[in-house]
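Residue numbers (the working numbering): -6 to 252.
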């Protein structure tokens, strides 16, 4: 696999790292302790469904995009609080495009590496859903759009996410939080997409407390890879988490198809 050595397994883009930490945790003093701090200052906003690891790359050529066009596309697709629905608000770190992303060492601990050279545009937005009945907890979501130079780069991003899931079913982040994958996640069907990949699992805080359930849905269309993430406290929230994540991914794909 491109970008993978015997000592590290690459998670292309923030699918398995930044998105999870962006969108998980219990609120303390009104904030999200797991919100991502971008690795660079926030930038100004300028066919079938083969989800299996061996899915072929579509041969249709994507539009030739300049970096400016790619960035504008990415910022137009990532979701705002209003897109998520009633009650959602911005996280303290709301939107950004970074210069690094998450990598996992041989022991599946979090690292950071430079962005892949195939990327010409990206944007992340982070939201949260406070619970008035439980002010010390919150549900959180993130959406990420990554525009590559060509379909091969976006395909590699999705397939590397497959490999990370298989290689590191339990991942440890720099603050000690652990994400544990649940095998056999339901795979949504988006007929217009070239690839779809869904993951789900539990997030356990180093400090203990109730585990959070999470779902990540990644969709690729030609040279664009989009990921939606949602997390909430308690195993009983999993059906709601699934629904919200799939709906978010569906909205992102619809926006790309209309672009």
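Glycine residues also receive a C-beta, built at the ideal position from the N, C-alpha and C atoms.
Can you give the Cα-Cα distance for residue 149 and residue 172, rounded to whole angstroms? Sequence index remark: in the chain shown, residue 149 carries index 156 (1-based). Sequence index remark: in the chain shown, residue 172 carries index 179 (1-based). Residue 149 and residue 172: Cα-Cα distance of roughly 23 Å.
Go ahead and pull the three-state DSSP assignment for residue 10. The sequence position of residue 10 within the chain shown is 17, counting from 1. Reliability fails at residue 10, whose pLDDT of 49 lies under 50, so the model's placement of it is uncertain and no value is given.
Identify, in the order they occur along the chain, each residue of the same chain with its Cβ nearer than 7 Å to the Cβ of residue 114, setting aside the five sequence neighbours on each side. Position 121 of the chain shown holds residue 114. So the list reads 60, 63, 64, 66, 67, 140, once near-sequence residues are dropped.
Less than 7 Å between the beta carbons of residue 101 and residue 164, yes or no? The count along the chain shown starts at 1 and reaches residue 101 at position 108. The count along the chain shown starts at 1 and reaches residue 164 at position 171. Their beta carbons are under 7 Å apart, which means residue 101 touches residue 164 by this criterion.
According to DSSP, is residue 214 part of a helix, a strand, or is it coil? As a position in the chain shown, residue 214 is number 221, starting the count at 1. Looking at residue 214 - three-state DSSP - the assignment turns out to be strand.
Host alpha helix (DSSP H) of residue 253 (start-end): Absent from the model: residue 253. The displayed extent of the chain is -6 to 252, so no value can be given.
From 226, 81, 117, residue whose alpha carbon lies closest to that of residue 245: Here residue 245 refers to the residue found at position 252 of the chain shown. For the residues 226, 81, 117, the minimum Cα distance to residue 245 belongs to 117.
Where does residue 228 land, buried or exposed, given buried means 16+ other C-beta within 10 angstroms? As a working mapping, residue 228 is identified with position 235 in the chain shown. Classification of residue 228: exposed, given that the 10 Å Cβ count is below 16.
Using DSSP's beta-bridge definition, name the partner residues of residue 203. Along the chain shown, one-based indexing puts residue 203 at 210. The partner list for residue 203 (beta bridge, DSSP) is empty, contrary to what the question assumes.
Are there 16 or more other CB atoms within 10 angstroms of the CB of residue 153, so buried, or fewer, so exposed? Your numbering for residue 153 matches position 160 in the chain shown. Burial call: buried.
Name the DSSP beta bridge partners of residue 119, please? By one-based count along the chain shown, residue 119 stands at place 126. Note: residue 119 sits in a beta bridge opposite 135.
Backbone secondary structure at residue 126 - three-state DSSP: Sequence index remark: in the chain shown, residue 126 carries index 133 (1-based). Note: residue 126 maps to coil in three-state DSSP.
How many whole angstroms separate the CB atoms of residue 109 and residue 217, which I take to be in contact at a CB cut-off of 8 Å? The count along the chain shown starts at 1 and reaches residue 109 at position 116. The count along the chain shown starts at 1 and reaches residue 217 at position 224. The Cβ separation is near 14 Å, so there is no contact.
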